[in-house]
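One line per chain: the protein sequences are A and B, in this order.
Each residue of the first sequence is one higher than the last, beginning at 1 in the numbering used here.
Each residue of the second sequence is one higher than the last, beginning at 1001 in the numbering used here.
Idealized CB from N, CA, C, for every residue including glycine.
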Amino acid sequence: MLTVNHIDVFYGDLQVLWDVSFEVHEGEILVLIGANGAGKSTTIKTISSLLTPQKGTIELSGIRLDHHPPHDIIQHGIVHVPEGRRLFSEMTVEENLIMGSLYGEAKTKRYETLEYVYGLFPRLKERRKQTAETLSGGEQQMAAIGRGLMSLPKLMMFDEPSLGLAPILVQEIFSMIRRIKEEGVTILLVEQNVTQTLAMCNRAYVLENGRITLGGTGSELMENEKVKEAFLGI
Amino acid sequence: MEVFLQTLVAGILKGGLYSLIGMGMSMIMGVMKIINLAHGQLMMVAMYVTFACFHFLGLDPYLGLFVAMPALFLLGCLIQKYTLNPLMEVESILPENQVLMTVGIGMVLTEIARFIFTSDYKSVQTSYSGATFFIGETSFSVALVIAFFIAVLFTLIMFWFLTKTDIGRSIRATAQDKDAALLMGVDSKRITIITFGLGSALVAAAGTLLLPVYYLFPDIGGPFTRKAFVITILGGLGSTVGAIFGGITLGLAEAFGATYIGMAFDDMIGLIIFILVLLFLPGGFKRLTKI
């Protein structure tokens, strides 16, 4: 479905991704794991066109997406739920959700999808007139996921959705991501929460210093000595 | 008491127009994070547009709104698209350079106006320019009352637009988090162009409404850019509701200053309030209203 082909990405003169290649298959949960600064966020920011690769290509079902302006990407069915939620803090929850449905089919089905999102997250319905900044961390993450769902995506990319949340909320968010996958949305997940994400994913890649060093199914990687040592602390 | 009431009325009526001026600048500030130092000059251009319509075509200044606002919307869009956005492309250039660009644009507009209309004072004399009516002992200028209600109307329309339409919501979203807005599919360049256009159209409305009770010369822009700046700071940078409070405050301050201290001091009072707000309420009224 999504193919990332040998991309090199720079911040100014500093190269942060080196020849990164991977594929996301339709209907799966794919996880990128790696330490802080390994280039996980950079990778999905590049898919979102917030960054432009100097070399290599990104293709969605055969359509080149690199060098598209960032506001175009969502219209191709890829939505990015950014790190730190990045809600529009002075807008209400409902306005935030509506911001996910500005174009095409998502716009015509806006109020249907809104009811669907409220069904998934009843808490958001209770708080729909409140501004986003008054929500708790968990509720903010729900709103960010809901805003992404409003675009009726084919592929959803999550950047550290568990960051800063209590363990019980992390469980809730992860089970929500599994549920979204069950409903036919492909998932690309970037996480530091390695144990839980490897258990729930179909496949995973390990990023180290801007390079992909390992790849395989979740259970294969859990058994891998290097992964055990570096991430699982076993 | 009579003088007090009279001053209060004058201040609030003037404040309504100042709100309109401040709202435009606040929107531009919110989305682009720069202060538009050509704001008053854009108002001056709008006033000349209305003046020309009146002088050459006999068009009533209030009908002139329908010419001046679209004209300034277009001018604002062109300024943003062809002079300010290209500066954003160059990453190493600081946003301050866009501010310098607006200063330059302000000067160019002033000199073009001087070239066409000369430096002479112009005014638009209508049947209602000097008309007043009384409620109790307090007199109301007909033109200023009409201006005030039109300003309120535009403010309400702006609120509806910003909260109920996709473009309006996109403008607010871009002001609050540009990257997140991009991820949601908002074309931020297009939004900056629309915002600058709308800001210019709002200040055009204020200028046109002022014209029947004011005089006009090419350098009138400078003082109004200063006033817009004060209103925006008073309101808390980028806050639309704040801009309304900021506008009314400045209108009242100038009116009371002129009545109780002296006509010559009305500009000074505004600037003193400005300094006091910077010192004691650096977030402006936004800190109090939270909107």
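**Study point:** Assumed close pair A/M200, A/F174 - CB separation to whole angstroms, cut-off 8 Å
**Key:** 6 Å
Practice item. For B/S1139, write down the residues that DSSP places opposite it in a beta bridge. Key: B/F1134
Practice item. Using a Cβ-Cβ cut-off of less than 9 Å, list which residues of the stretch 163 to 175 of chain A approach chain D; keep chain order. Key: Of the protein chains in this structure, namely A and B, none is chain D.
Check your understanding: Do you know how far the Cα of B/L1182 is from the Cα of A/G77?
Key -> 14 Å
Check your understanding: Given B/V1009, which residues of its chain have a CB within under 7 Å of its CB, disregarding the five upstream and five downstream residues?
Key -> T1138, F1140
Exercise for review: Decide if the stretch 1061 to 1076 of chain B is in contact with the stretch 1169 to 1182 of chain B; the criterion is three or more beta carbon pairs, one per stretch, under 8 Å apart.
Suggested key: no
Review point. Would a check of beta-carbon distances place A/F88 closer than 8 Å to chain B?
Key: yes
Review point. When you compare only the Cα positions, how much space is there between B/Y1018 and A/A106?
Key: 40 Å
Review point. Does the beta-carbon distance from B/Q1041 to B/G1197 come in below 8 Å?
Key: no
Exercise for review: Run down chain B in chain order and give the residues with a C-beta less than 8 Å from the C-beta of A/M156.
Suggested key: What A/M156 touches in chain B: nothing, since even the nearest Cβ is about 12 Å away.
Check your understanding: I think A/L51 touches A/E59, with their Cβ atoms under 8 Å apart; what is that distance to the nearest whole Å?
Key -> Not quite, the Cβ-Cβ distance comes to about 17 Å (not below 8 Å), so this is no contact.
Exercise for review: Please name the residue, chosen from A/N5, A/G104, A/P153, A/P70, that lies closest to A/K45 on a Cα-to-Cα basis.
Suggested key: A/P70
Review point. Can you find at least 3 beta carbon pairs, one from the stretch 123 to 133 of chain A and one from the stretch 86 to 94 of chain A, that sit closer than 8 Å?
Key: yes
Check your understanding: With C-beta atoms as the reference, is A/N202 less than 8 Å away from A/L214?
Key -> no
Check your understanding: Hey, how far is the Cα of A/F121 from the Cα of A/I98?
Key -> 15 Å
Check your understanding: Taking the continuous alpha helix (DSSP H) assigned at B/A1204, which residues delimit it?
Key -> 1188 to 1210
Check your understanding: What do you reckon, are the CB atoms on B/L1202 and B/L1074 nearer than 8 Å?
Key -> no
Review point. CB B/I1035 to CB B/M1029, shorter than 8 Å?
Key: yes
Exercise for review: Find the nearest neighbour of B/F1051 within the set B/Q1006, B/L1210, B/I1194, judged by alpha-carbon distance.
Suggested key: B/L1210
Review point. Any residues in the stretch 1176 to 1209 of chain B with a beta carbon nearer than 8 Å to a beta carbon of chain A? Which ones, in chain order?
Key: Q1176, D1177, D1179, A1180, A1181, L1182, L1183, M1184, G1185, V1186, D1187, S1188
Check your understanding: So does B/T1165 have its beta carbon nearer than 7 Å to some heavy atom of the ligand MG?
Key -> Summarising the ligand content, the structure contains no ligands, and the ligand MG is consequently not present.
Check your understanding: Can you give the Cα-Cα distance for A/M150 and B/G1185, rounded to whole angstroms?
Key -> 12 Å
Check your understanding: Using a Cβ-Cβ distance under 8 Å, would A/G100 count as near chain B?
Key -> yes
Practice item. Look up A/Q15 in the DSSP assignment and give the residues it is bridged to. Key: A/F10
Review point. Considering A/F147, what are the terminal residues of the alpha helix (DSSP H) in which it resides?
Key: The question names Phe, but residue 147 of chain A in the sequence shown is Arg. Where A/R147 is concerned, the enclosing alpha helix (DSSP H) stretches over 137 to 149.
Check your understanding: According to DSSP, what are the bridge partners of A/R203?
Key -> A/L30, A/T217
Point to revise | Under 8 Å from the C-beta of A/Y11: neighbouring residues of chain B | key: Per Cβ cutoff of 8 Å: no residues; A/Y11 is ~11 Å from chain B at best.
Check your understanding: Given that B/A1071 touches chain A, what residues does it touch there, using C-beta distances under 8 Å?
Key -> Residues of chain A passing the Cβ test: none, with the nearest at roughly 29 Å.
Check your understanding: Is DSSP giving A/K154 helix, strand or coil here?
Key -> coil
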